[in-house]
Amino acid sequence: MLKLLPCPFCGNAKVFLNEDDFGIIVVWCEGCMENDTEEDAIEHWNTRAREQELMTALQEIVQRLNRARHTDEVQKARDVALKVLEP
Ligand SMILES: [Zn+2]
Numbered sequence: 052m053l054k055l056l057p058c059p060f061c062g063n064a065k066v067f068l069n070e071d072d073f074g075i076i077v078v079w080c081e082g083c084m085e086n087d088t089e090e091d092a093i094e095h096w097n098t099r100a101r102e103q104e105l106m107t108a109l110q111e112i113v114q115r116l117n118r119a120r121h122t123d124e125v126q127k128a129r130d131v132a133l134k135v136l137e138p
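All the letters of the sequence shown, read from the start, carry residue numbers 52 to 138 under the numbering used here.
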């Protein structure tokens, strides 16, 4: 059986499948269901846990490349990462 990954919005592992009133199977996240206000819901929706993790990893890669011996390949790799971090 396929396993659900943690919620991409908040990172919570407590996610489950449910059928809505229209017969559509949806994924529910306990973390996202805890929004008390409209503002909380919007802030939650606009957050991407995996994206934050990837951006942090990319920042660490750039820091390590900054300390690496400078070659054309190191510079090119750094430029690729910086295009994502500083569009
Ligand atoms: Zn969530």
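Ideal placement from N, C-alpha and C gives every residue a C-beta, glycine not left out.
Keep in mind the model is a prediction, meaning the values are calculated, not measured.
By the neighbour-count criterion, in which 16 or more other beta carbons inside 10 Å mark a residue as buried, Leu116 falls on the buried side. With three or more CB-CB distances shorter than 8 Å, the segment 56-68 counts as touching the segment 81-100. A contact is defined here as three or more CB-CB pairs under 8 Å, and the segment 124-133 fails this definition with respect to the segment 88-96. Between the alpha carbons of Leu105 and Leu53 lies a distance of about 24 Å. For Leu56, there is no enclosing beta strand (DSSP E), as DSSP gives it neither H nor E. CA-CA distance, Ala132 to Val78, rounds to 32 Å.
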